[in-house]
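Order-wise, the sequence lines are chains A, B, C and D.
To convert, note that position 67 of the first sequence is 67 in my numbering; the numbers rise steadily by one, no gaps.
Just add 132 to wherever you are in the second sequence, counting from 1, and you've got my numbering.
Just add 264 to wherever you are in the third sequence, counting from 1, and you've got my numbering.
Just add 396 to wherever you are in the fourth sequence, counting from 1, and you've got my numbering.
Inspection log for the structure reproduced underneath, given as structure tokens.
4 protein chains.
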Amino acid sequence: MEYPYEIEMKVRDYECDIQGIVNNSVYQNYLEHARHEYLRSNEVSFAEMHNRGVDAVVARIEMAFKTPLRPGDDFVVKINVQKEGVKYVFHQVIYRKADMKLSLKARVDAVVTVNGKLVSAVPEFDKLVMNS
Amino acid sequence: MEYPYEIEMKVRDYECDIQGIVNNSVYQNYLEHARHEYLRSNEVSFAEMHNRGVDAVVARIEMAFKTPLRPGDDFVVKINVQKEGVKYVFHQVIYRKADMKLSLKARVDAVVTVNGKLVSAVPEFDKLVMNS
Amino acid sequence: MEYPYEIEMKVRDYECDIQGIVNNSVYQNYLEHARHEYLRSNEVSFAEMHNRGVDAVVARIEMAFKTPLRPGDDFVVKINVQKEGVKYVFHQVIYRKADMKLSLKARVDAVVTVNGKLVSAVPEFDKLVMNS
Amino acid sequence: MEYPYEIEMKVRDYECDIQGIVNNSVYQNYLEHARHEYLRSNEVSFAEMHNRGVDAVVARIEMAFKTPLRPGDDFVVKINVQKEGVKYVFHQVIYRKADMKLSLKARVDAVVTVNGKLVSAVPEFDKLVMNS
């Protein structure tokens, strides 16, 4: 699979828990931020879409945790988007920069609502699919 | 499926994002807290286990998001634990209290390491399985 | 000082960092949640106020960190509200339940805006002052 | 006041709450991350210090909230460190990049413990003071 978008980030110490590694829930923050930055790189802001009544809603997430990230680790989040019926499926992977070891593999299924009603597609997300 | 453990919680406003609903990553916090409280109800503390070199490590999470929780919502998190090979599989559901609507359905696969080495089972978790 | 409102909470493991204690930023979550619950106990919802264009805005916070909270600690957050000019001043303390040791002492100065404009007072907050 | 260290960051959407602005508690995350990166720029890791038994403990925080940060805002966090008795006093400011408007002004008083005992100074932090 090819990933047309990627973004580099760095672990912040407050994201780590008593096990000394990034808390599992924080990976969802990383994944969400990467998706929103991908949108933004296409001149689309999640907040502005929300104000227009357009909301992306995550229906399902699957995450496989491989190598835990630790304080100070640099990492890269990559994204590929596919369309499956009404769903936009985000395939996302996180690699630790130091050795490019796979840290996390995720699949995020999202649907889009306009004024609370499910729609089958919106151009803002179709653009992401076309890149993939 | 029967759930031998359940815990009640309440949405806190800071857990909600610009969409006015609980941010997706926060459900993982809810699920983790419920699992740790389940352990604690069996006189086992996650922090104390960690200090003894025993760590539960989440290998995989699957979450289906149904009804979003909102500011002030009371909810209940339920847990059933099964053993599949070396894995402890936590089946967890979240229901909104007001109408007992399903908010989230999750499956969390964990393995246990002792001093960093994978072990096939520990009594602390086997007890949870026997309850289920 | 007397505290007309108090709420009990419990440390969640994910709120603790690599030092094994509650991360400093999380105390602000505790303080905010306690304030919002105080409002709610007076039939006022922060989210509903926001939808009506009424926003409480924190202008200043002072926190003295005394005894750190740890995984599993029960604690109580107490609140007293005073009016000083346009400001509502929340005096908040957190005590660890096990020994009622002072964990945190805070002063939170808030102002209220209606449709973005500073107002000198709103009945929702005046009620909290009258209780104190 | 001159600030010998600064770091650029960007608001992430999940850090914003139902008011559509960065939640107040998140500024503490920003401030902490900036302090830890300042240490790291001097080849000192907070996690590694902790493993050696050396812990920086925040005793007091004062924050004045000026201009709220919003989704997508770039900002810069600046740091100046002074020594006052046993305390290391971190003066920190946050500016919004777009117009260099002051977003937050903070004073963070920290002390250092070695194996749980208060010490008057450690070279790792004295170096930060000498830069200021």
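Every residue, glycine too, gets a C-beta built ideally from N, C-alpha and C.
| message | Between which two residues does the alpha helix (DSSP H) holding Y130 (chain A) run? | response | Before going on, a small fix: residue 130 (chain A) reads as Met here, not Tyr. That run of the alpha helix (DSSP H) goes P123 to N131.
| said: Taking the straight line between their C-alpha atoms, what separation do you get for M496 (chain D) and V407 (chain D)? | reply: 15 Å
| Residue span of the beta strand (DSSP E) that contains A64 (chain A), given as start and end | V54 to F65
| task | Within the same chain, show all residues whose beta-carbon is closer than 6 Å to that of F521 (chain D), passing over the 5 residues directly before and after it, in chain order. | result | Y484
| query | Secondary structure at P266 (chain C), three-state DSSP: helix, strand or coil? | reply | Residue 266 (chain C) is actually Glu in this sequence, not Pro. Per DSSP, reduced to three states, the secondary structure at E266 (chain C) is coil, with no helix or strand assignment.
| task | Put S120 (chain A) into one of helix, strand or coil per three-state DSSP. | result | coil
| task | Write down the C-beta distance between V472 (chain D) and E404 (chain D) rounded to the nearest angstrom, noting that I regard them as a contact closer than 8 Å. | result | Their Cβ separation, rounded to whole angstroms, is 5 Å, which keeps V472 (chain D) and E404 (chain D) in contact under 8 Å.
| said: For D505 (chain D), would you say it is in contact with chain B, using Cβ-to-Cβ distances shorter than 8 Å as the test? | reply: no
| task | At 4 residues or longer, and completely inside the segment 135-187 of chain B: list those alpha helix (DSSP H) runs for me, N to C. | result | For the segment 135-187 of chain B, whole alpha helix (DSSP H) runs of length 4 or above, ordered along the chain, are 156-173 and 178-183.
| What residues of chain B sit near H50 (chain A), judged by a beta carbon separation below 7 Å? | I150 and Q151
| said: Let me make sure I understand the geometry here. Which of B:Q224, B:Y170, B:V186 and B:K198 has the alpha-carbon closest to that of K249 (chain B)? | reply: B:V186
| said: Please list, in chain order, the chain C residues whose beta carbon lies closer than 8 Å to that of D13 (chain A). | reply: D281 and I282
| message | How far does the beta strand (DSSP E) with R360 (chain C) in it extend, from its first residue to its last? | response | K351 to R360
| field | Residues near E216 (chain B) by beta carbon distance below 7 Å, same chain, minus five either side | value | none
| query | Is R192 (chain B) closer than 8 Å to A64 (chain A) when the C-beta atoms are compared? | reply | Yes, the pair counts as a contact, with Cβ atoms nearer than the cut-off.
| request: Enumerate in chain order the residues of its own chain whose CB-to-CB distance from I18 (chain A) is below 8 Å, with the five nearest sequence positions on each side excluded. | output: none
| In chain D, what lies closer than 8 Å to R324 (chain C) by C-beta? | E458, M459, A460 and F461
| Is DSSP giving L366 (chain C) helix, strand or coil here? | strand
| Which residue comes first and which comes last in the beta strand (DSSP E) that contains D206 (chain B)? | Per DSSP, D206 (chain B) belongs to the beta strand (DSSP E) from D206 to E216.
| If you check the beta carbons only, do I508 (chain D) and V477 (chain D) fall under 8 Å apart? | According to the sequence provided, residue 508 (chain D) is Val. The question's Ile does not apply to it. No; because the gap between Cβ atoms is not below 8 Å, this pair is not in contact.
| field | Best match in C:M313, C:A370 and C:P332 for proximity to H300 (chain C) [C-alpha to C-alpha] | value | Nearest to H300 (chain C) by C-alpha distance, out of C:M313, C:A370 and C:P332, is C:M313.
| field | Where S41 (chain A) falls, given that 16 or more other Cβ within 10 Å makes a residue buried | value | So S41 (chain A) ends up on the exposed side.
| said: Quick check: is the beta carbon of E428 (chain D) nearer than 8 Å to any beta carbon in chain A? | reply: yes
| said: Just list the residues that DSSP pairs R371 (chain C) with in beta bridges. | reply: In DSSP, R371 (chain C) forms a bridge with C:E326 and C:H355.
| query | Since V308 (chain C) and A374 (chain C) are thought to touch, with beta carbons under 8 Å apart, how far apart are those beta carbons, to the nearest angstrom? | reply | The pair is not a contact, with the Cβ atoms about 14 Å apart (cut-off 8 Å).
| said: Between which residues of its own chain and N23 (chain A) is the CB-CB distance below 8 Å, once the five residues before and five after are set aside? | reply: Once the five neighbours on either side are set aside, the close Cβ partners of N23 (chain A) are E15, C16 and D17.
| field | Separation of V108 (chain A) from A121 (chain A), as counted between CA atoms | value | 16 Å
| message | If the cut-off is 9 Å on Cβ atoms, which residues from the segment 69-94 of chain A count as contacting chain B, listed in chain order? | response | none
| query | Do L31 (chain A) and A106 (chain A) come within 8 Å of each other at the CB atom, strictly closer than that value? | reply | yes
| query | Closest to N263 (chain B) by CA distance: which of B:T199, B:F222 and B:S157 is it? | reply | B:F222
| task | Would you please verify whether the beta carbon of S421 (chain D) is less than 8 Å from any beta carbon of chain A? | result | no
| query | Residues of chain A with CB under 8 Å from S437 (chain D), in chain order? | reply | The premise fails here: S437 (chain D) is roughly 12 Å from chain A at the closest Cβ pair, so nothing lies under 8 Å.
| query | How many angstroms separate the CA atom of A188 (chain B) from the CA atom of P71 (chain A)? | reply | So the two alpha carbons sit approximately 19 Å from each other.
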